[in-house]
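In the numbering used here, the protein residues as written are 69 to 379. Just so it is clear, CB atoms sit at the ideal spot from N, CA and C, and this is done for glycine as well. Here's the structure, in structure tokens; my notes come after.
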């Protein structure tokens, strides 16, 4: 059973519908990415799920139970990391954590203990006593994530958590997310960075104009929009005979060559590649390198919306 089930939620401001009949689900231990440009409806969607905004229509179930903006029991399952930093800069890292732990209802002793555990998870134990105003942007982001982990959530929601952070802190955030899913946490991750969705997310919902245009694994999305894989072969001579050999393969959609390089289009490069290599070996072709290029989410987004992700 999915830990989070969202069914047909909508939200309008006046005549403008910012979330339009959005549905998806997330299982325990799964990272689901909402991928779309700024203004696509990502933050409004998660604000409805968290309970900050009242939805106009639709239903939400968390851990199998109906969820509403007034339902404290289901909210207790959620850890929320907002896009804007929600930390007190004049307090130390550990004092921030203890403060928010007390807001979650932990006893003073449990708040101290849980704060120490979270500091280990986010890699800030050695900076625990330092004032947050002295932190880098990446360190403050990691602390922001730590606050969302204090209540040991079953559902962790992260809204654009890597905006403006350095590469080292971004990698640390990725590792934290993977650690949570490894422990069975369901993660909802919004981003407009293609590479983040490809690296982190088990499934992706492509959102634009407040609507989910398509969802699935990267491979499923690519297959749904009909994008082909590319195999690039570099060889020592014999290009023309190699092209004739490849054209004869039933899986080949298109073959072209230039210099010592051949490019071919196929539906599923992983399945076809052994046959390609075997056929060329039988003709005596000497290959120097083989490269497989699978369509990425950028191609999917462009196909579905008619625009690049950052337009």
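Rounded to whole angstroms, what's the CA-CA distance from residue i to residue j? Just pull it up for me.
i: residue 208; j: residue 157; result: 9 Å
i: residue 319; j: residue 214; result: 49 Å
i: residue 119; j: residue 99; result: 20 Å
i: residue 105; j: residue 71; result: 26 Å
i: residue 83; j: residue 163; result: 44 Å
i: residue 76; j: residue 117; result: 12 Å
i: residue 144; j: residue 203; result: 29 Å
i: residue 308; j: residue 366; result: 33 Å
i: residue 240; j: residue 210; result: 8 Å
i: residue 265; j: residue 258; result: 9 Å
i: residue 331; j: residue 325; result: 6 Å
i: residue 138; j: residue 121; result: 11 Å
i: residue 176; j: residue 295; result: 56 Å
i: residue 172; j: residue 140; result: 11 Å
i: residue 310; j: residue 251; result: 49 Å
i: residue 190; j: residue 230; result: 14 Å
i: residue 178; j: residue 254; result: 24 Å
i: residue 233; j: residue 372; result: 29 Å
i: residue 379; j: residue 313; result: Reliability of the predicted coordinates at residue 379 is poor, the pLDDT of 48 falling under 50, and no value is obtained from them.
i: residue 354; j: residue 345; result: 10 Å
i: residue 168; j: residue 322; result: 59 Å
i: residue 305; j: residue 246; result: 46 Å
i: residue 150; j: residue 114; result: 9 Å
i: residue 87; j: residue 282; result: 15 Å
i: residue 278; j: residue 109; result: 5 Å
i: residue 205; j: residue 101; result: 23 Å
i: residue 358; j: residue 298; result: 11 Å
i: residue 128; j: residue 142; result: 10 Å
i: residue 224; j: residue 180; result: 21 Å
i: residue 368; j: residue 174; result: 45 Å
i: residue 69; j: residue 222; result: 13 Å
On the DSSP bridge assignment, give the partners of residue i in chain order.
i: residue 92; result: 74
i: residue 148; result: 225
i: residue 271; result: 100
i: residue 32; result: This structure cannot settle anything about residue 32, because the visible part of the chain is limited to 69 through 379.
i: residue 81; result: 84
i: residue 129; result: 73 and 134
i: residue 160; result: 199
Can you look up residue i in the DSSP assignment and give me helix, strand or coil?
i: residue 113; result: helix
i: residue 351; result: coil
i: residue 208; result: helix
i: residue 193; result: helix
i: residue 120; result: coil
i: residue 379; result: In this prediction, residue 379 has a pLDDT of 48, which is less than 50 and means its spatial position is unreliable; what the coordinates show is noted afterwards. Three-state DSSP puts residue 379 in coil, outside helix and strand.
i: residue 139; result: coil
i: residue 245; result: helix
i: residue 358; result: strand
i: residue 175; result: coil
i: residue 199; result: strand
i: residue 276; result: strand
If distances are taken between C-alpha atoms only, which option among the options comes closest to residue i?
i: residue 269; options: 198, 324, 243 and 328; result: 243
i: residue 226; options: 111, 351, 349 and 90; result: 111
i: residue 123; options: 135, 263 and 167; result: 135
i: residue 317; options: 304, 303, 230 and 343; result: 343
i: residue 287; options: 73, 151 and 363; result: 363
i: residue 182; options: 130, 256 and 216; result: 216
i: residue 327; options: 303, 333, 321 and 151; result: 303
i: residue 103; options: 273, 299 and 341; result: 273
i: residue 91; options: 152, 125 and 80; result: 125
i: residue 74; options: 185, 280 and 154; result: 280
i: residue 197; options: 166, 174 and 224; result: 166
i: residue 186; options: 153, 236 and 147; result: 147
i: residue 96; options: 339, 370 and 249; result: 249
i: residue 200; options: 79, 334, 160 and 130; result: 160
i: residue 386; options: 237, 228, 293 and 292; result: In the structure displayed, the chain extends from 69 to 379; residue 386 sits before or after that span and is not available.
i: residue 212; options: 361, 153 and 291; result: 153
i: residue 315; options: 336, 285, 347 and 338; result: 347
Got a sec: is the Cβ-Cβ distance from residue i to anything in chain B below 9 Å?
i: residue 354; result: Among the chains in the structure shown there is no chain B, since it carries only a single protein chain.
Note down, one range per segment and in chain order, each alpha helix (DSSP H) of at least 4 residues found wholly within the stretch 283 to 344. Taking only runs of at least 4 residues, the alpha helix (DSSP H) segments lying wholly in the stretch 283 to 344 are 286 to 293 and 307 to 315.
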